[in-house]
């Protein structure tokens, strides 16, 4: 029987490319347009691109915020991608203070990277960057990073980064000049990827497969 992966459709995100990544492993992809589809999901994905406030407004208009919080308490897997990862946090300072889902403690702030020479680097951060496991981070072997090689490269497009309150929830970090990037997060059954696994080649697909296998 095929694994069923539910992808939240709240008007923001690259749903089709995310869906195709899961379908490569014969998962049945369902798009959630209403609260009940979230509550009945077995594996849930929150994608997203764009502004934090627009993402929260999209979820609010479709009355998905409370169902998302309820789903997170079930212990079933939830994966946020790019903006979707950021929305899992307490708040963002993008365009002023905006409350998030508060499923993971921390805030989202703009990156201000400097080069080795102390000069400002271009924002957004766009391109491939290697990731590493932070000293206090969770084991990769018990996560969606299972069996990845050291320093896997993935594809990023973002101007903001999550800053988790708890260092032991940082699954992976990346570096953009002087800026420390929270590349991935893990808190129990909750996962987030700041990068785009669906655009990250074989490494990204391995992460997708590991999520399906949770």
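In this note's numbering, the protein residues as written are 15 to 228.
Glycine is no exception: its CB is placed at the ideal position from the N, C-alpha and C atoms.
Bear in mind that the values here come from a model prediction, so they are computed numbers and not experimental data.
Any idea which residues DSSP pairs residue i with across the strands?
i: residue 118; result: 103
i: residue 142; result: 169
i: residue 206; result: 94 and 199
i: residue 174; result: 124
i: residue 193; result: 190
i: residue 134; result: 128
Tell me which residue opens and which closes the alpha helix (DSSP H) that residue i is part of.
i: residue 110; result: That residue, residue 110, is in no alpha helix (DSSP H); it is neither H nor E in DSSP.
i: residue 73; result: 66-75
i: residue 30; result: 29-37
i: residue 211; result: Residue 211 -> no alpha helix (DSSP H), and no H or E assigned at all.
i: residue 21; result: That residue, residue 21, is in no alpha helix (DSSP H); its beta strand (DSSP E) goes 18-22.
i: residue 49; result: 49-53
i: residue 84; result: 79-86
Could you give the C-beta distance for residue i and residue j, rounded to a whole number, given that I count them as a contact under 8 Å?
i: residue 144; j: residue 167; result: 5 Å
i: residue 175; j: residue 95; result: At roughly 14 Å, the Cβ-Cβ gap does not stay under 8 Å, so residue 175 and residue 95 are not in contact.
i: residue 130; j: residue 106; result: Incorrect: roughly 29 Å between the Cβ atoms, too far for contact.
i: residue 199; j: residue 205; result: 7 Å
i: residue 41; j: residue 20; result: Between residue 20 and residue 41 the Cβ distance is about 10 Å, and since that is not below 8 Å, they are no contact.
With respect to the beta strand (DSSP E) encompassing residue i, which residues constitute its N-terminal and C-terminal limits?
i: residue 42; result: 42-46
i: residue 147; result: Looking at the DSSP string, residue 147 is not in any beta strand (DSSP E), and its letter there is neither H nor E.
i: residue 59; result: 58-60
i: residue 185; result: 184-190
Quick one: is residue i buried, meaning 16 or more other Cβ sit within 10 Å of its Cβ, or exposed?
i: residue 211; result: buried
i: residue 4; result: Any answer about residue 4 is impossible in this case: the structure gives the chain only from 15 up to 228.
i: residue 100; result: buried
i: residue 89; result: exposed
i: residue 103; result: buried
i: residue 111; result: exposed
i: residue 208; result: buried
i: residue 141; result: exposed
i: residue 230; result: With the chain covering only 15 through 228, there is no way to say anything about residue 230.
i: residue 183; result: buried
i: residue 155; result: exposed
i: residue 77; result: exposed
i: residue 74; result: exposed
i: residue 165; result: exposed
Comparing the CB of residue i with every heavy atom of the ligand MN, is any distance shorter than 7 Å?
i: residue 55; result: The ligand MN is not part of this structure, which contains no ligands at all.
Can you check whether the C-beta of residue i is within less than 8 Å of a C-beta belonging to chain B?
i: residue 75; result: The chain labelled as chain B is not found in the depicted structure, where only one protein chain is given.
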